[in-house]
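Written out below as structure tokens is the structure these notes cover.
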Amino acid sequence: MKTTVCTMFCLLLLLAASPARAHHAFAAEFDAKNCADVTGVLTKVNYENPHAYLFMNVKNAAGQVEEATFQLSSTSNLRRGGATPAVLNASLNKEVLIRGCASRNGEKGRYAASFIKLADGTVQRLGQDVEGLFGTKIWR
Amino acid sequence: MKLRIAVLLAATSLLSVAALAQEQNKTYVEARGNVVPVPLPPGGPPPRMADGHVDLSGVWFSGPTGKANAWSVVADDTPTRQDPMPYRPEIQKKLDSMTRAERQLMSAQVTCRPLGVPGLWTNNPYPHQIVMKPNLFVHLIESNNNWRVVRIPRQHKPKEEQETLYMGDTASRWEGDTLVLDTISLDERNWHSDSLHVIERLRRPSVNYLEYQYTLEDPKVLTKTWTSAWRTYSLGNEDLTENFCTNNENVEQLLKLQEAERGR
Chain A
21 MKTTVCTMFC LLLLLAASPA RAHHAFAAEF DAKNCADVTG VLTKVNYENP
71 HAYLFMNVKN AAGQVEEATF QLSSTSNLRR GGATPAVLNA SLNKEVLIRG
121 CASRNGEKGR YAASFIKLAD GTVQRLGQDV EGLFGTKIWR
Chain B
7 MKLRIAVLLA ATSLLSVAAL AQEQNKTYVE ARGNVVPVPL PPGGPPPRMA
57 DGHVDLSGVW FSGPTGKANA WSVVADDTPT RQDPMPYRPE IQKKLDSMTR
107 AERQLMSAQV TCRPLGVPGL WTNNPYPHQI VMKPNLFVHL IESNNNWRVV
157 RIPRQHKPKE EQETLYMGDT ASRWEGDTLV LDTISLDERN WHSDSLHVIE
207 RLRRPSVNYL EYQYTLEDPK VLTKTWTSAW RTYSLGNEDL TENFCTNNEN
257 VEQLLKLQEA ERGR
């Protein structure tokens, strides 16, 4: 059975994967129907692969600060889309807004991000369009 | 009854119109990084090498624009005219029983394993660079900055010298203007079948376009030979970038999801 389990999945992935698409399915990890605008102070930019991450301090309803983690696209897509390290780092320690969809595995404060409103007001893509916010192409 | 149907149809129609109007009036988010794709023209006949064969060299992006399209704002119309994968019934049954998290964990893009053959084409959203000389095919991929080199023409190694590899053992030849790569002996961590045989075909119909097709033979998994549709790549005008998988949280996150799914 060892032989067949992996092979069938590799074959499935070969069929399913369009080279233009992201490297794995968004819907497996995040809930596209549970997204929100999250506002807070950007504390860290982690520009690595297979995904970059942004970290934000968010005040909850009781006024306490909680950390939120946002998974972005790959550094390849971010660079080509204008979200370079310099662009993101320029908003460090400043208030930003990030559109995030919640993780499906129950981990609190973990999201996938689709865009950020940077401290200077620029709206910058960070990931896939799972809500149809930007046009007709909706990833799942 | 007729009245009820008429009312229902009218209501449906109104709903459709309302939905359409809402869709047409929808304001999309203007953001830096949004891409409106513009297909490249064919660009004339393909260049040829000193030996007369077509030169496949270039930086190639998936799709027709010669650029990255991950954040395209136009629907993906990649042709998918190909037969479904003809799985053996026991394979299909097992496949249907697995969760999305389990499926994702089998992907080399998720685990950061080498993509191997043909995954470096088929499980890879990032650009490719091909460097060719007469008798040599060099394939560089941005994904995890991996590579594959094949001499042309080349025969398979003798059976006693073969070992399982992510890129396998590739024989190569020209069939007219199509480069054919015939691969066996693939690493079981990506494919797990000692009978898998991959035949890849590459051609460059014009300066700006590259096309790729692959055929799979695996009697332990498939009921018959399966051939993909031709995939289109277009000529880019930028360099590959550094892309190493140095911070992979996918596996840990998917394992948590898998645990949560099992508990439901």
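Protein sequence lines correspond, in order, to chains A and B.
To convert a position in the first sequence, counted from 1, into our numbering, add 20.
To convert a position in the second sequence, counted from 1, into our numbering, add 6.
Built from N, CA and C at the ideal position, the CB exists for glycine as well.
For clarity, every value in this text was computed on a predicted model and none was experimentally measured.
Beta-carbon gap between residue i and residue j smaller than 8 Å
i	j	result
W66(B)	P133(B)	yes
V85(A)	Q144(A)	no
R4(B)	T229(B)	This structure leaves residue 4(B) out entirely; chain B is present only between 7 and 270.
C121(A)	N77(A)	no
V213(B)	P43(B)	no
S191(B)	D224(B)	no
S240(B)	P70(B)	yes
F154(A)	V35(B)	yes
E181(B)	N249(B)	no
I118(A)	V61(A)	no
G102(A)	G39(B)	yes
V80(B)	R210(B)	no
A76(B)	A48(A)	no
Per-residue DSSP class, three states only, for residue i
i	result
T233(B)	strand
E36(B)	coil
I158(B)	coil
S149(B)	helix
Q84(A)	coil
N253(B)	coil
L111(B)	coil
F46(A)	helix
R87(B)	coil
K262(B)	helix
E167(B)	helix
E267(B)	helix
A27(B)	Note that A27(B) scores 38 on pLDDT, short of 50, meaning its location in the model is unreliable and no value can be drawn from it.
V80(B)	coil
Cross-chain neighbours of residue i in chain A, by beta carbon under 8 Å
i	result
K262(B)	N125, G126, E127
Chain A within 8 Å of residue i, Cβ atoms only
i	result
N40(B)	yes
F250(B)	yes
Y34(B)	yes
N214(B)	no
E148(B)	yes
Q168(B)	no
N256(B)	yes
Q110(B)	yes
T189(B)	no
T184(B)	no
T247(B)	yes
V23(B)	Low confidence applies here, because V23(B) scores a pLDDT of 34, under 50, leaving its location unreliable; read the following figure in that light. It does not; no Cβ of chain A falls within 8 Å.
is_contact[residue i, chain B] using C-beta, thresh 8 Å
i	result
S111(A)	no
F46(A)	no
G155(A)	yes
T142(A)	yes
E87(A)	no
R41(A)	Because R41(A) carries a pLDDT of 47, less than 50, the predicted location of this residue cannot be relied on, and the following value inherits that uncertainty. It does: the Cβ of R41(A) has a partner Cβ on chain B nearer than 8 Å.
N77(A)	no
Chain B contact residues for residue i, given Cβ-Cβ distances below 9 Å
i	result
N97(A)	G39, A74, A76, W77, P131, Y132
A103(A)	R38, G39
N66(A)	N253
N80(A)	Simply none; closest approach about 23 Å.
Chain A contact residues for residue i, given Cβ-Cβ distances below 9 Å
i	result
Q259(B)	E49, Q91, S123, N125, E127, R130
V156(B)	Those do not exist, as V156(B) stays about 20 Å from chain A at its closest Cβ, beyond 9 Å.
A266(B)	R124, N125, G126
N152(B)	Those within 9 Å of N152(B) in chain A number zero; the least Cβ separation is about 13 Å.
Interface flag, residue i vs chain E, CB-CB below 8 Å
i	result
T233(B)	Although the question refers to chain E, the structure presented lacks it and instead comprises the protein chains A and B.
Residue span of the alpha helix (DSSP H) that contains residue i, given as start and end
i	result
Q115(B)	114-117
Q98(B)	95-102
T95(A)	95-100
V107(A)	105-109
Opening and closing residue of the beta strand (DSSP E) in which residue i lies
i	result
R119(A)	115-123
P125(B)	Per the sequence shown, residue 125(B) should be read as Gly rather than Pro. Unbroken run through G125(B) is the alpha helix (DSSP H), 122-128; no beta strand (DSSP E).
E223(B)	215-223
R210(B)	203-212
F67(B)	64-68
E181(B)	175-181
A132(A)	130-137
Under 7 Å from the C-beta of residue i: neighbouring residues of chain B
i	result
E115(A)	Within 7 Å Cβ-Cβ: nothing; E115(A) doesn't reach chain B, min ~18 Å.
F135(A)	V35, A37
Cross-chain neighbours of residue i in chain B, by beta carbon under 8 Å
i	result
N54(A)	In chain order: nothing, as chain B lies at least about 14 Å away.
beta-carbon residue i near the ligand FAD non-hydrogen atom, thresh 7 Å
i	result
A56(A)	No copy of the ligand FAD occurs in the structure displayed, which carries no ligand at all.
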